[in-house]
Amino acid sequence: MLSESWRPYFEWCGNTWLGSSVRDTVWAFPLIETFHLLALAVLLGTVLIVNLRVFGLGERYVSVPQIARQLEPWMLIAVAVLFASGIPMAFSEPIKCFESYSFPIKMGLIVVGIASQLTIQRKWVITGDAAAGKAKFAAVLSIVVWTAVGAAGKGIPYV
Amino acid sequence: MNSFAKATSITVNISESNNAVHLLSFCEWLQNLPWASGIKHSTWQFPVVESVHSLALSVMLWPAALVDLRLLGAAMTRRPVSQVAAQFLPWVWTGFFTMILSGALLFSSEAVKCYNSPFFRVKVLLLGVAGLNALIFHKTVFRGVAEWDKADSTPLRAKLAGGCSLAVWIGVVAMGRALAYA
C-alpha cells in the first residue's frame, strides 16, 4: 500500500472533471473497461505470439523479427488505448486504487515492462540475432511481467 | 381470437413459464452447490477465475481478430489467408476452451444473477452468432480459399465474415463488462 503522503494527490484526481464524469455516468466505467480489456488482449496477445516464437512455439511460418514487425503498429495502438482508458478509470475511483495493494504493484510492473520492452526486448528478441539464452530470458520476462500487469489490474477491486 | 387460439396461447404461455421456472430453479440449484458458492464466497477464487477469464482473451481474441483483420485486408496482407488461419486458429481454440471453462465456473457461482441479466442473455446470443458466422464461413467461402489466398482483396463474403466476427466479439466483451456491474 502507498504511503499516506500520497493521499492528497489521489483525492485531487477524484475531484477532477474527468473523475466525477466517469463516476456520474452509469455506463461509462463498463464501456471504458471494455476498451481497456480489448487493448489488453491485443498487447498481451502480441507479447505471447512474439515471445513464444522465441521458443519455437505458436508461430510456424515467419521468424521472430518478421512477426514482431507485423504486430508492432497494433501493439503501439493498444498501448495508447490502454493509457487513454486506464487513466479515466483510475481517476474515477482513486481512493480504491490508493488503498489497494494491486494498484501500486501494477504501476511498478508497467514501468518494468516498458523499460524491458525498450531495452532487452529490442536488443535480444526483436533483432533475432542475440544469443539464444539472452533472447529466452527477455522473452520469459516479457510474458511474466505483462501477464502480471493484467492480473494485478484485475486485483484492484479485491486487494 | 377464437377459443382454439386462446387455448393454444394459454398452453404456450404455461409451458414457457414452466421452462423459465425450470431454468431458474436449475440456476438456483447450481449456484448453491458447495463448489459453486465456494467460488463466490472465497476471497480469492472469484478474482483468480475472473483473471484467467480476462487474460485468456489475449490467447483467443487477438489471434481471432488477426484472422478477421487479414480477411478485411487490414493486417498481414503479405501472408496467404490460409497461412494466417492455420497459424492462429489453434490459439483461438486453446483460448476459447479456457474461456468456456473459466466462464462456466463464473456462471455457476452467480447463475441467478446471470439468469436475470439482459446483458448475459445478449452475450449468449452473440456467442451463438459468432459460432454460426464461423461455421458458415468455413463451410462456404473458405472452402475456395485457394483462389484468393494471396490476393490483396478478399471476396466480399470473406470481408463480411471477418467484420461480423470482429463486431460480435467486441460485443461479447462489452456484455461481459456490463454484466459485472449490473
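Line by line, the protein sequences give chains H and D.
The opening position of the first sequence corresponds to residue 1231 in the numbering used here, with each subsequent residue numbered one higher.
The opening position of the second sequence corresponds to residue 1370 in the numbering used here, with each subsequent residue numbered one higher.
For glycine and all other residues, C-beta sits at the position ideal for the given N, C-alpha and C.
Residue i vs residue j beta-carbon contact at 8 Å
i         : j         : result
Thr1357/H : Pro1303/H : no
Thr1463/D : Val1491/D : no
His1422/D : Met1468/D : yes
Phe1321/H : Thr1246/H : yes
Val1272/H : Met1319/H : no
Phe1265/H : Val1311/H : yes
Ser1372/H : Val1277/H : yes
Tyr1484/D : Leu1402/D : no
Ala1362/H : Gln1351/H : no
Phe1240/H : Cys1327/H : yes
Val1388/H : Met1231/H : Correcting the residue identity first, residue 1388/H is Tyr in this sequence and not Val. No, the Cβ-Cβ distance between Tyr1388/H and Met1231/H is not below 8 Å.
Val1355/H : Asn1281/H : yes
Own chain residues within Cβ distance below 8 Å of residue i, not counting five before or after
i         : result
Phe1415/D : Ile1408, Lys1409, Leu1475 and Ser1478
Glu1397/D : Ala1480 and Val1481
Met1445/D : Leu1435, Leu1438, Arg1439 and Val1453
Cβ neighbours of residue i in the same chain (closer than 7 Å, five flanking residues each side left out)
i         : result
Thr1523/D : Leu1440, Gly1442, Val1450 and Trp1517
Glu1289/H : Ile1279, Arg1283 and Ile1297
Val1514/D : Val1450 and Ser1451
Leu1496/D : Val1541
Ile1379/D : Because the pLDDT of Ile1379/D is 48, which lies under 50, any placement of that residue in the model is unreliable, and the number read from its coordinates should be weighed accordingly. So the list is empty, once near-sequence residues are dropped.
Start-to-end residues for the alpha helix (DSSP H) that takes in residue i
i         : result
Glu1516/D : Val1514 to Trp1517
Glu1302/H : Val1294 to Ser1322
Lys1353/H : Unbroken run through Lys1353/H: none, as it is neither H nor E.
Phe1285/H : Per DSSP, Phe1285/H belongs to no alpha helix (DSSP H) and is neither H nor E.
Trp1242/H : Arg1237 to Asn1245
Asp1433/D : Here the sequence assigns Ala to residue 1433/D, which means Asp is not the residue at that position. Residues Leu1426 to Leu1440.
Leu1339/H : Ser1332 to Ser1346
Ala1499/D : Pro1487 to Lys1508
Phe1476/D : Val1450 to Ser1478
Arg1546/D : Leu1525 to Tyr1550
Gly1383/H : Ala1362 to Gly1385
Nearest-angstrom Cα separation, counted from residue j out to residue i
i         : j         : result
Val1453/D : Gly1383/H : 31 Å
Gly1472/D : Leu1399/D : 14 Å
Val1390/D : Val1493/D : 19 Å
Leu1501/D : Ser1534/D : 10 Å
Phe1489/D : Ser1251/H : 26 Å
Thr1377/D : Gly1244/H : Bear in mind that the predicted position of Thr1377/D carries a pLDDT of just 46, short of 50, making it too unreliable to give a figure here.
Leu1339/H : Tyr1550/D : 27 Å
Trp1413/D : Leu1470/D : 18 Å
Met1370/D : Leu1548/D : Low confidence applies to Met1370/D: its pLDDT is 43, below 50, so where it sits in the model is not reliable enough to give any reading.
6 Å Cβ shell around residue i - same chain, five flanking residues per side excluded
i         : result
Ala1536/D : none
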